[in-house]
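Numbering (our numbering), first residue to last: 2 to 248. The beta carbon of each residue, even a glycine, is placed where N, CA and C say it ideally should be. Structure record follows, encoded as structure tokens.
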């Protein structure tokens, strides 16, 4: 039986270790421990500081690079990028750890703005798909709505609520919209987790959504958009009031 030397075996770093290093670096960057334009410590030193292997560190840095937080520069090592260059995926970490500077909006304002962006995205997706949902095409969305309502007092409510719109877009065969929703799913769920005290199913959740589905299936797209616009403005308005009280 052939023996394989230990040095020939490359052990993959665990996801847990990578996640921990990634989260620590993310926190330090958005807190300003590593300000924009600064160079992170050399790989060997940073590995020692974090108690991580170099493969683990490299993978964490690669992920940070995907979010435009850092970039490798020849002769300068890994450099922290300016706040204005960061990707939207950073927002969850920024809400947890960020310390806005004088020229940056407050955390509360960022939360309000994120709700506005979510509302605009959902309404535009509805406009694009309202006339494309076939008769019976809301069945998957209705099931997701029922699951969301059954979980209305639990953290998984937000995930099932998001699935309602994904099911609509999928039924309409609007692939770009589906992929766009997939792109922002983690961002929205991170936001919902941060706002767990506020993101809850309104009392009229089932009634509004049932009517919304009926409008879609009867090709009343304009009425469906108007209904959802009113619902989202009321719901987000209530959340914004809570944010002002907490702030």
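Per the coordinates, the alpha-carbon of residue 159 lies some 27 Å from the alpha-carbon of residue 22. By the Cβ criterion, the region 140-154 is in contact with the region 167-178, since at least three pairs of Cβ atoms, one from each stretch, lie closer than 8 Å. In this structure, 40 is the residue among 40, 48, 44 with its C-alpha nearest to the C-alpha of residue 77. Counting along the chain, the unbroken alpha helix (DSSP H) around residue 56 starts and ends at 55-67. 57 is the residue among 36, 34, 57, 38 whose C-alpha sits nearest the C-alpha of residue 44. Judged by DSSP in its simplified three-state form, residue 134 adopts coil rather than helix or strand. Separation of the CB atoms of residue 42 and residue 81 is rounded to 12 Å, and the pair is thereby denied contact status at 8 Å.
In this chain, the alpha helix (DSSP H) harbouring residue 161 covers 158-172. Residue 185 carries a helical assignment under DSSP once its states are collapsed to helix, strand and coil. When Cβ pairs closer than 8 Å are counted between the two stretches, the region 125-137 is seen not to touch the region 102-116, the count staying below three. In the displayed model, residue 72 falls within a strand according to three-state DSSP. About 13 Å separates the beta carbons of residue 94 and residue 34, which is beyond the 8 Å limit, so they are not a contact pair. Sixteen is the threshold: when 16 or more other Cβ atoms of the shown chains lie within 10 Å of the Cβ of residue 173, as they do, the residue is buried. Secondary-structure assignment with DSSP links residue 79 through a beta bridge to 73.
The alpha-carbon separation between residue 190 and residue 101 amounts to approximately 22 Å. Between the region 177-187 and the region 215-228 there are fewer than three inter-stretch CB-CB distances shorter than 8 Å, so the stretches are not counted as touching. Beyond the five residues adjoining it in sequence on each side, residue 241 comes within less than 6 Å, by CB distance, of 113 in the same chain, given in chain order. The beta carbon of residue 175 is closer than 8 Å to those of 126, 129, 130, 133 in its chain, skipping five residues each way along the sequence.
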